[in-house]
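Everything below concerns the one structure shown next.
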Amino acid sequence: MCVTMRRVYYTTAKRFEQSIDIYSPSGKNITPHQQTLPLVALVVGSAWLGHRSIIYAGTSWWNSSGPKQIASVGAVCVCIRHRGAFPHPPASFLVLFAVLSAAVCVSLWITSRHLAVFAAGLAAGACVVALLWELGWRGAATYLDMLNDVALALSWVRSNRESLAAPGCAPAPRLVFGGYSSGGHVAATLLQRLDVLARHGLPAPTHGLCDGVLYVSGVFLATKETKLRPTMMPGVCRWIVGTLVRSVFGAASAVLASPLRDAAHAPRLPHLLIHCEREAAGLWPVEGVMQRFIAGNAYAAALKSASINVEVVEIRSNHWSMLNSAGLRLALTECLLVKSWP
1 MCVTMRRVYY
11 TTAKRFEQSI
21 DIYSPSGKNI
31 TPHQQTLPLV
41 ALVVGSAWLG
51 HRSIIYAGTS
61 WWNSSGPKQI
71 ASVGAVCVCI
81 RHRGAFPHPP
91 ASFLVLFAVL
101 SAAVCVSLWI
111 TSRHLAVFAA
121 GLAAGACVVA
131 LLWELGWRGA
141 ATYLDMLNDV
151 ALALSWVRSN
161 RESLAAPGCA
171 PAPRLVFGGY
181 SSGGHVAATL
191 LQRLDVLARH
201 GLPAPTHGLC
211 DGVLYVSGVF
221 LATKETKLRP
231 TMMPGVCRWI
241 VGTLVRSVFG
251 AASAVLASPL
261 RDAAHAPRLP
271 HLLIHCEREA
281 AGLWPVEGVM
291 QRFIAGNAYA
301 AALKSASINV
311 EVVEIRSNHW
321 SMLNSAGLRL
331 ALTECLLVKS
341 WP
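Counting along the sequence shown from 1, when you hit position 81 you're at 81 in the UniProt record's numbering, and nothing is skipped either side.
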């Protein structure tokens, strides 16, 4: 089935980061099963760094793969972008770099003054880069900005629900909302933040916001107490995850939401979680880090404990190639087309 794409801006600013791509099936032969397919709106993954056009140009092959897979099944998929944070290395990293640079300069001054001049210039250049890095981080989007962007996009989708329906489908299709990778984290948090939804005139999830929730390798952020698959040196993996999150959000990482920790506040709607058996092909320590970021099975267990209907599909792929994998297409076909989920 052929797939077409068109872009829409959901704010008057018309920033690329605040735009959506609409992937639609263009086939003329719509089967009875495809007529019941839902409208799917997914938040794009970006490691919370947003979707600046220059970055998205290099990652669009990945970000567009998931929506194309959904559209190839016969459903319209709306790909939601949002503004992002800016990498913010912890101050300890900069202090360590400064100390090492000073040590190198002193050593080279003792051995050769010419080399010392070069080293001093290198250190000065590094300080300038660090300063520009720090200035670039200021004014970047906060996590609340990301939630507000997605809420605005979701409001646009709901307002244009009928016009977004695939050819031959119901005029007001069921709406499935969710995301993949870090986009799943933003989507899951938004569904737990009724205050943000209300601020944008959106109803609560169980009062008509959407009909189902879909996550594709969504990030749910495991807590220290979360029971995960056994991995080597779990403490190291936990430290790496904490460091990476602090590198993105700085001091605000201390209050970053954990959809897994707050799973009791998840909407009482059908959930479909599709993720990989091994997100990093079992490669340590990346596998352990990805387990702590995603924690899909733990999130599913928490939803079940809260009496929420959840279906889990594990496929054989990895976090970076699954969006274009045959396993994902098979899972989407089985769940959306054959089982008519949700």
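Glycine included, C-beta positions come from ideal geometry on N, C-alpha and C.
In the three-state reduction of the DSSP assignment, Gly-212 falls in the strand class. With fewer than 16 neighbouring CB atoms inside 10 Å of its own CB, Met-1 falls in the exposed class. Residue range 175-181 is occupied by the beta strand (DSSP E) that includes Phe-177. C-alpha of Ser-247 to C-alpha of Arg-316: approximately 30 Å in a straight line.
Between the alpha carbons of Ala-188 and Glu-17 lies a gap of roughly 20 Å. Distance from the Cα of Val-40 is smallest, within the candidate group Leu-272, Ser-182, Gly-296, for Leu-272. Here the alpha carbons of Gln-192 and Val-157 stand approximately 19 Å from one another. With distances taken between CA atoms, Ser-72 lies nearest to Ser-26 out of Ser-26, Tyr-56, Leu-244, Gly-183. With a threshold of 16 other beta carbon atoms within 10 Å, Ile-54 falls short and is exposed.
In summary, His-82 is buried, with 16 or more beta-carbon neighbours lying within 10 Å of its beta-carbon over all protein chains present. When only Cα atoms are considered, Pro-285 and Gly-201 end up about 43 Å apart. Of all alpha-carbon atoms in Ala-47, Ser-305, Ile-274, the one lying nearest the alpha-carbon of Asp-262 is that of Ser-305.
Only buried fits Ser-24, as 16 or more other CB atoms lie within 10 angstroms of its CB. When C-alpha distances from Val-216 are compared across Asn-160, Ala-252, Gln-69, the shortest belongs to Gln-69. Separation of the CB atoms of Asn-63 and Cys-77 is rounded to 12 Å, and the pair is thereby denied contact status at 8 Å.
Comparing C-alpha distances from Gly-179 to each of Leu-197, Ala-165, Leu-164, Leu-147 shows the shortest one belongs to Leu-147. DSSP places Arg-7 in no alpha helix (DSSP H) but in the uninterrupted beta strand (DSSP E) bounded by 3-9. For Leu-39, the enclosing beta strand (DSSP E) stretches over residues 39-43. The C-alpha of Leu-269 lies about 33 Å from the C-alpha of Lys-14.
Secondary structure within the segment 289-315: the alpha helix (DSSP H) runs of 4 or more consecutive residues, fully enclosed, are 296-305 (chain order). Between Glu-314 and Cys-276, the C-beta gap is smaller than 8 Å, which places the two residues in contact. Between Leu-256 and Ala-222, the CB-CB gap reaches or exceeds 8 Å. DSSP places Ser-24 in the strand class (E or B) of the three-state scheme. Asn-160 and Ser-307 have their C-alpha atoms roughly 32 Å apart. Check the Cα spacing between Pro-342 and each of Met-322, Val-245, Cys-210: the tightest is with Cys-210.
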